[in-house]
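Trainee: Here the numbering used here = 1-based position in the sequence shown + 1.
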Amino acid sequence: VQLQASGGGLVQPGGYLRLSCAVSGSFFSINDMGWYRQAPGKQLESVAAITSDGSTKYADFVEGRFTLSRDNAKNTVYLQMNSLKPEDTAVYYCYANVRILTVNPYWGQGTLVTVSS
Numbered sequence: 002v003q004l005q006a007s008g009g010g011l012v013q014p015g016g017y018l019r020l021s022c023a024v025s026g027s028f029f030s031i032n033d034m035g036w037y038r039q040a041p042g043k044q045l046e047s048v049a050a051i052t053s054d055g056s057t058k059y060a061d062f063v064e065g066r067f068t069l070s071r072d073n074a075k076n077t078v079y080l081q082m083n084s085l086k087p088e089d090t091a092v093y094y095c096y097a098n099v100r101i102l103t104v105n106p107y108w109g110q111g112t113l114v115t116v117s118s
C-alpha cells in the first residue's frame, strides 16, 4: 500500500491550495483518511479526518477554512484549504487506515505548504 500526496507549494496569505492523496496497492478497503501537519519546531497535529461514509472532523484551528472530501472510486482524499494564514505553513501528511487482513495506518510522504508574502 502506498500513499502519494501532492498539491503543496508557496501561496500568499489569503490564498488557497488543494492537497490530494491517492492510495494505491492491494487492499480490501479504506476506513478513515485524513491529514496531519507539522510546522517547524512544533509537534505533529491533526488537521482533518473523514470516515468511509463521508463524515468529517476538523481541528479547531481550521475555523471553517478547509474542506476535506474523498473519492472512494479513486481511493483519494482531498483537502481544500482557503484563506490560508502564515501559521498554516507546515509539512502536511496524509494517512489512511487500510484494511488488508487487519486495519493498519499508512502514511504519505508529506507535502510542504508555505504561506508567505
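Backbone N, C-alpha and C fix where the C-beta goes; we use that ideal spot for every residue, glycine too.
Using 8 Å as the threshold, is the stretch 23-36 in touch with the stretch 84-91, meaning 3 or more CB pairs across them?
Mentor: no
Trainee: Could you pull the start and end residues of the beta strand (DSSP E) that residue 67 belongs to?
Mentor: For residue 67, the enclosing beta strand (DSSP E) stretches over residues 67-72.
Trainee: Just the Cα atoms here: how many angstroms apart are residue 59 and residue 49?
Mentor: Their Cα atoms are separated by approximately 4 Å.
Trainee: Beta-carbon within less than 7 Å of residue 84's beta-carbon, same chain only, minus the 5 sequence neighbours each way: which residues are those?
Mentor: Answer for residue 84: 15 and 66, listed in chain order.
Trainee: Just how far apart, CA to CA, sit residue 80 and residue 103?
Mentor: 26 Å
Trainee: For residue 63, does the three-state DSSP call read helix, strand or coil?
Mentor: Per DSSP, reduced to three states, the secondary structure at residue 63 is helical.
Trainee: Can you tell me the Cα-Cα spacing of residue 77 and residue 113, whole angstroms?
Mentor: Straight across, the Cα-Cα distance linking residue 77 with residue 113 is about 18 Å.
Trainee: Going by C-alpha distance, which of 82, 73, 74 and 52 is nearest residue 64?
Mentor: 82
Trainee: What span of residues does the beta strand (DSSP E) with residue 23 cover, start to end?
Mentor: For residue 23, the enclosing beta strand (DSSP E) has its first and last residue at 18-25.
Trainee: Starting from the N-terminal side, write out each stretch of the beta strand (DSSP E) that is 3 residues or longer and does not extend beyond the stretch 25-53.
Mentor: Contiguous beta strand (DSSP E) elements confined to the stretch 25-53 occur at 30-39 and 46-51, taking only those with 3 or more residues.
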